[in-house]
Every structure is written in structure tokens, then in C-alpha cells.
Amino acid sequence: MSLIVQKYGGTSVADIEHIRNVASRVTKTYDQGNDVVVILSAMAGITDRLIGMAREASENPDKRELDVLLATGEQTTSALLAMILNSMDYPAQSLMGHQAEVVTDHCFGNARIVDIRTDRIKELLRQRHVVVIAGFQGCDPRGNITTLGRGGSDTSAVAIASALEADVCEIFTDVDGIYTADPNICEKARKLKAISYDEMLNMASLGAKVLQIRSVGFAKKYNIPVHVRSSFTEEEGTMVVNEDSGMERLVVSGVTHDQNQARITLKKVPDQPGVAAKIFTPIAEAGIVVDMIIQNTRAGGQTDLTFTVPRASYKTAIEIEKKVAAEIGAEDVFGDEQIAKVSVIGVGMKDHSGVASTMFSTLAAENINIILISTSEIRISCIIEEKYTELAVRVLHSAFGLDAGS
Ligand code: ADP
Ligand code: ASP
Ligand code: MG
């Protein structure tokens, strides 16, 4: 008998029929004698819809109240699954984040889990209940509802699996595993049997939304095997585990894309000590994460400075920089939301030259202009126009020999 945590994403609980399908998977696992804890997302599209409603209600919705609203998506699916299980004569109980005692910090909209007290969950499991927990939500030490950032149910699942010392955490989604690129835009993407925590961390941080990055961090820290698989087939998916010698070691092991990007340029910034701090301190104080930064060569004591931020922070960031520009005497501030980041990733890249030149010449052959570049030991990222995203992913996937059957 094992303790199995199963998480079902939005498309897997899109309506009552889909939730029935989840119920039948859960009962099958339960009937095999396992203890089952289920973590659910909201129905597909609901979180976006709730955010839309909040924006209609207020131009700048209060963050605490927004989390109260967003948590209702997961509350709905959890109650519905528990009802269906009960009607099938399986003992089941739903728990909201605060009832499952998922304690977070107080950063509404992007809270971090700091503790999970498992007594109530364990008591229900002892009584042979299926425990259904609303993902994506927790509560701060004062009892306020918090949410964990988009895609946060993955993190709920892995964190609860680690707190319970579960044998495995299964992430059921709408693809049957982790691929060398998003299979929805790159039809030649190859499914991986296994991927190391480190490689998955990189892929997630560079846009592969199949797992929220924090969930991979948890899995690595507590050594929880994560099995990403489809809720619509019986097929084995992809295991996210510690690196072992049997894993493929390719120079480039994956191509990712991230359309959640925007860039901001400050033109003719005075090239003096302290100016960069003036530009980036208020951005950091607003809680906005800056990704790439490029400063052009100086001319006449002035320079242009460009950086990227998540698209959701674009409007706030540009407002901040307009004020900064006036203060420091920069000539202009402008930006662009129609950009995307494409990246090639591989731990094998460390010992190889030529990856960057292959990447640049492959994009050039398709006439795709590179706006910004950043590199690390194990990845190269380029900012390009958003309309070329799919094309760029496909040609890079081929150029690095990743295509299925090649
Ligand atoms: P869920 O609602 O189940 O959490 P998500 O939409 O968050 O599902 O994540 C699954 C999606 O991740 C897939 O539909 C796929 O488009 C996308 N994805 C991006 N990169 C990859 C990848 N390398 N392998 C598999 N899926 C990927
Ligand atoms: N419902 C939340 C979202 O759409 C959390 C999740 O699905 O993981 O981001
Ligand atoms: Mg997700």
C-alpha cells in the first residue's frame, strides 16, 4: 500500500463529466489499497474569468480580496469531486487551503508555502477517506486566504506530497508527459521518459508551464518523484527525478518559449554612476521581477537601456519608468508587449562551443530578428517578435537534432 498524491489540472476538471473521469481514476487507485490525496485546480478558464470580473469591479483590485475571489475556482471543483465520490459510496472530504493548514507568507497573489500541518489530512486518511484539497491556495498566519501564483496547484501538490512523505506525486494534465518542446506548438517534439530536477527547473523557469517552477524546487529539495501524465490515457508519462547516469546527455535537450514577456527601453539615459540603481530600485520595490537587461554602448555621455518584465507587470513598470525618466533626465520611455523569449537548454552545453552560433544562424535563416540575447552555462535565450514564436521553436528543435525520428 502506498500514499499517492494526485493533482488534476484545469482541463482535467473542465466540467462535471471530466470530474467524473477524475473520480473513476481516483477510485481505481483507492481500490488498489492506496491512500489517496487529490489536489485540484479550478475548471479550465475559470481563474482567467475571475480575474476579468475583478478588473470589471475595480481598476486596481485589492490584492487580499482578489485572492478571496480566485480561491473560489478551486473550492468549486474540490466540493464537486468530493460529492461525486460520496455518491459513488467512497468516503471523501474536501479541504480548502486553510483547512488543510497550508500556511503561507502574506504575499497575496504569489504567496510561498512556509508550513503544512498534516494532522487533519492524516486523520482523514486513517479513516480511509479520499482527501480532496483545493490547490493554488493557502492562508497566511493571520488566517487570510492567499494564492500561490498562476499554475500554483502544482506547487500545492508537491508541497503536500512532501509534507506527507508520499510515495509519488502524480501530475495529471492535458499532455501525456514532458517533451523536448511544447508538443502543442512543435509537432516533432519528443516525449522524455525521465528528466532531472535541474533540467526541469531550467525548462520551467524559461517558460515550460507544464510544471510551475516552485513545484520542481520543492520536489528537488525533498526528493519527491513527480510523474507527469495525461488524465485522458493510461500511458506512462515522464518521471521528474534525481539525475542518473542512464539519462540522455544531449548538448541541447530542450527548446522552450515564453510569451509572458514585455520590454521597456529608456532612451538617452545619462551615463553616470547611480543611474541604474535609480531605474531598477523602484521596480524592485513594486515587486516586479526584471529578467534581461541590456545597456547599449555610450555615445555623448548618454546610453539606451532596455529590460524585460513579465507582461502582467508591464503597465505598472512603464508608469514607474516614466517618473524615473523625468527625474534622471532620460529622453524617452517606450515599450513593447508583442515579444517572446525562445531558449535552448542543455547541461551538455557547458563543454560545447558553437551552440550560440547555430542558434543565431538558424533564426537568421528564417529572417527572425533577435532583439535581446542572454546566456548562461546551460542555456541561451533570445527575445524575438512574438509572431515568430512557433516558427522559432520548430526550426531550433530541428537544428539541434531533437526532432522525433531524427
Ligand atoms: P494544467 O492545467 O493541467 O496545469 P497547464 O496548461 O498548466 O496544464 O500545463 C500543460 C501545458 O504545458 C501543455 O498543454 C503544454 O502546452 C504546455 N507545455 C509547455 N512546454 C511543455 C513541454 N516541454 N512538455 C509538455 N508540455 C509543455
Ligand atoms: N487555477 C490556477 C491557475 O489557473 C492554478 C492552477 O491551475 O494551477 O493559475
Ligand atoms: Mg498548470
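Following my numbering, the numbering of the sequence shown begins with 148 at its first residue and continues without gaps.
Note that CB positions come from ideal geometry on N, CA and C, so glycine has one too.
In this text, all values refer to a predicted model and were calculated from it rather than measured experimentally.
Residue nearest to residue i in terms of C-alpha spacing, selected from the options
i      : options                        : result
Ala189 : Val173, Leu232, Ser159         : Ser159
Val436 : Ser241, Leu216, Pro457, Thr224 : Pro457
Asp309 : Ala366, Asp323, Asn331         : Position check: residue 309 holds Ser in this sequence, whereas Asp was assumed. Of Ala366, Asp323, Asn331, the residue nearest in Cα terms is Ala366.
Thr450 : Tyr461, Pro429, Arg167, Pro420 : Pro420
Leu150 : Val183, Asp162, Arg264, Met230 : Val183
Pro238 : Tyr344, Gly256, Val279         : Val279
Tyr155 : Phe283, Val249, Val261         : Phe283
Ala191 : Lys175, Gly493, Thr223         : Thr223
Pro429 : Asp391, Ala472, His404         : Ala472
Gly476 : Met347, Ser171, Gly448, Ala204 : Gly448
Ala328 : Val315, Glu317, Ile342         : Ile342
Gly296 : Arg289, Ala459, Thr536         : Ala459
Gly495 : Asp323, Glu346, Glu382, Asn207 : Glu346
Ala409 : Lys368, Gly552, Thr455, Asn349 : Thr455
Thr385 : Tyr344, Asp418, Ser528         : Tyr344
His439 : Ala446, Ser225, Leu452         : A small fix is needed here, since residue 439 is Met in this sequence, not His. Taking only the C-alpha atoms, the option nearest Met439 is Leu452.
Asn516 : Lys368, Lys462, Lys534, His499 : Lys534
Ile167 : Leu358, Leu227, Ala423         : One detail in the question is off: residue 167 reads as Arg in this sequence, not Ile. Per the Cα distances, Leu227.
Asp262 : Val305, Ile231, Gly220         : Val305
Ala554 : Glu532, Phe547, Glu466         : Because the chain here runs from 148 to 553, residue 554 falls outside it and cannot be looked at.
Ala446 : Val398, Asp418, Ile186, Gln246 : Asp418
Ile360 : Ile332, Leu519, Ala201, Ser300 : Ser300
Glu432 : Ser400, Glu468, Gly401, Leu397 : Glu468
Gly493 : Ile193, Gln406, Phe427, Gly401 : Gly401
Arg196 : Ser205, Leu217, Thr403, Gln179 : Leu217
Thr320 : Asp405, Asn207, Gly157, Gly434 : Gly157
Asp314 : Ala336, Arg337, His374         : His374
Asp405 : Leu549, Gly290, Tyr461, Glu537 : Glu537
Ile292 : Gly501, Ser225, Thr219         : Thr219
Check: residue i C-beta below 8 Å from any heavy atom of the ligand ADP
i      : result
Met350 : yes
Phe587 : The question about residue 587 has no answer, for the chain in this structure spans 148 to 553.
Ile325 : yes
Thr536 : no
Gly296 : no
Gly290 : no
Thr403 : yes
Asp329 : yes
Val322 : yes
Ala551 : no
Ala366 : no
Ala336 : yes
Helix, strand or coil at residue i [DSSP, three-state]
i      : result
Val278 : strand
Met386 : strand
Gln359 : coil
Ala472 : helix
Asp483 : strand
Ile411 : strand
Tyr369 : helix
Arg267 : helix
Leu272 : helix
Arg259 : coil
Leu348 : helix
Ala239 : strand
Pro288 : coil
Pro330 : coil
Phe547 : coil
Thr428 : helix
Ser205 : coil
Lys340 : coil
Val422 : helix
beta-carbon residue i near the ligand ASP non-hydrogen atom, thresh 8 Å
i      : result
Phe283 : yes
Ser378 : no
Ile193 : yes
Ser241 : no
Ala189 : yes
Gly199 : no
Residue i Cβ short of 8 Å to the ligand MG heavy atom set
i      : result
Ser159 : no
Gln153 : no
Gln359 : yes
Asp301 : yes
Lys356 : yes
Ser558 : The question about residue 558 has no answer, for the chain in this structure spans 148 to 553.
Gly220 : no
Gly156 : yes
Cutoff 9 Å: residue i Cβ touching any chain D Cβ
i      : result
Gln274 : Any reference to chain D falls outside this structure, which holds one protein chain only.
If contact is defined by three or more beta carbon pairs under 8 Å, each pair taking one atom from either stretch, is the region 520-534 in contact with the region 463-482?
no
The region 508-520 contacting the region 413-425, beta-carbon criterion three pairs below 8 Å
no
Determine contact between the region 483-490 and the region 353-361, defined as no fewer than three beta-carbon pairs at a distance below 8 Å.
Result yes; three or more Cβ-Cβ pairs closer than 8 Å.
Whether or not the region 376-385 and the region 267-275 are in contact is what I'm after, with contact meaning three or more pairs of Cβ atoms, one per stretch, closer than 8 Å; do they touch?
no
At least three beta-carbon pairs within less than 8 Å, the region 261-270 to the region 159-177:
no
Please confirm if the region 238-255 is in contact with the region 209-217, defined as three or more CB-CB distances below 8 Å between the two stretches.
yes
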